[in-house]
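Since the structure comes first, as structure tokens, the remarks are kept for the end.
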Amino acid sequence: MKELVEYIALSLVDDPSQVVVTTNREGGRQSLELHVAKDDMGRVIGKGGRVANAMRILLRVAAAREGKQASLDVVEPR
4 MKELVEYIAL SLVDDPSQVV VTTNREGGRQ SLELHVAKDD MGRVIGKGGR VANAMRILLR
64 VAAAREGKQA SLDVVEPR
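Residue numbers (my numbering): 4 to 81.
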């Protein structure tokens with residue numbers, strides 16, 4: 004699932020070297036955090052959050068096929 008999020012994010016951003024996906028396991032649930040460059044935040048989130056929500060839906064479908072639960076958070080760069 005981490006690879007799916009990385010693949011989508013790398014195809015959206017201008018600076019692929021800044022794309023980092025971290026995984027946290029909380030019980031039976033997997034939480035992924037997506038870190039991108041500050042300039043690429045708009046591309047990853049999209050207008051009204053549509054791109055980020057589409058990524059979350061794809062991630063949930065991929066996790067459900069494996070019998071798991073997953074969530075995605077786009078982390079604000081510092």
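Glycine included, each C-beta is placed from N, C-alpha and C at the ideal position.
Item, Value
"Taking its Cβ as the centre, do 16 or more other Cβ atoms sit within 10 Å of A67, making it buried, or is it exposed?", "exposed"
"Return the CA-CA distance between L62 and G52, expressed in angstroms with no decimal places.", "15 angstroms"
"Between L15, R46, E9, P19, which has its C-alpha nearest T25's C-alpha?", "E9"
"For D42 and D18, which I take to be in contact (beta-carbon distance under 8 angstroms), what is that distance rounded to the nearest angstrom?", "7 angstroms"
"Can you check whether the CB of M4 is closer than 9 angstroms to the CB of M73?", "In the sequence as displayed, the identity of residue 73 is Ala instead of Met. Their beta carbons are under 9 angstroms apart, which means A73 touches M4 by this criterion."
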